[in-house]
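Heads up, the thing below is written out as structure tokens.
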Amino acid sequence: MFRRHGVYGVDFPRGTFPTLERPVLEEISVELQAHLRAGDNVVVDHGFWTPDDRARWRGAATDAGAASVLVYLEASHEELWERVSKRNAGHEADPNSIYFSESDLTRYRARFVPPQPDEPYLVYRGDPEPLLKALEEAAQGDLANLRALGPDSPGFPAG
65 MFRRHGVYGV DFPRGTFPTL ERPVLEEISV ELQAHLRAGD NVVVDHGFWT PDDRARWRGA
125 ATDAGAASVL VYLEASHEEL WERVSKRNAG HEADPNSIYF SESDLTRYRA RFVPPQPDEP
185 YLVYRGDPEP LLKALEEAAQ GDLANLRALG PDSPGFPAG
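Following our numbering, the residues of the sequence shown are numbered contiguously, the last one being 223.
What follows is the structure, given as structure tokens:
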């Protein structure tokens, strides 16, 4: 976004972000599919705000003949606000950083729909070992361990 449009809220109005982001995400999807078809492993760092949004990205991976793994990073409002506040402190020196007020955070959080019981996902809880194991299994085509995990789950299937 920065390379194409500049600094959020400075070079383009705050309310236009979703409209400006859409073609960028479409280009990223095309690039993602090219990498997946070439056999590359790819991480897409994006919000994946809704089940429909996540389904579109899963579909892009499937269309490219690849398996996708959604890794869900749970965080409380307090945790997120602490991270955003730190990022805000360096906002003027980092053109890739978007300044967010706490009311922005609250508004955006209200739009996020956590993974649903019918969506396969893994919950990352700070220990990379189970995540890396599950990702390796997925890379080998073993998707049996990727299933919807409830909020009381340790985050990964036993084993």
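Glycine residues also receive a C-beta, built at the ideal position from the N, C-alpha and C atoms. As the structure is a computational prediction, the values presented were derived from the model and not from experiment.
Does the Cβ of Val107 have 16 or more other Cβ atoms within 10 Å, making it buried, or fewer, making it exposed?
Position 43 of the sequence shown, counting from 1, holds the residue named residue 107. Here Val107 is exposed. Its C-beta has fewer than 16 other C-beta atoms within 10 Å.
Could you pull the start and end residues of the alpha helix (DSSP H) that Val107 belongs to?
One-based indexing of the sequence shown puts residue 107 at position 43. From DSSP, Val107 is part of no alpha helix (DSSP H); its letter is neither H nor E.
In or out: Glu90 buried (at least 16 other Cβ within 10 Å) or exposed?
For the purposes of this step, residue 90 is identified with residue 26 of the sequence shown, where counting begins at 1. Exposed, since its Cβ has fewer than 16 Cβ neighbours within 10 Å.
Looking at the secondary structure, which residues open and close the alpha helix (DSSP H) in which Ala128 lies?
Numbered from its first residue, the sequence shown carries residue 128 at position 64. Where Ala128 is concerned, there is no enclosing alpha helix (DSSP H), given that its DSSP letter is neither H nor E.
Applying the 10 Å Cβ sphere with the 16-neighbour rule, what's the burial state of Ser132?
As a first step, residue 132 must be located in the sequence shown, where it is residue number 68. Ser132 comes out buried.
Beta-bridge partners of Tyr136, as assigned by DSSP
Your numbering for residue 136 matches position 72 in the sequence shown. Note: Tyr136 sits in a beta bridge opposite Val187.
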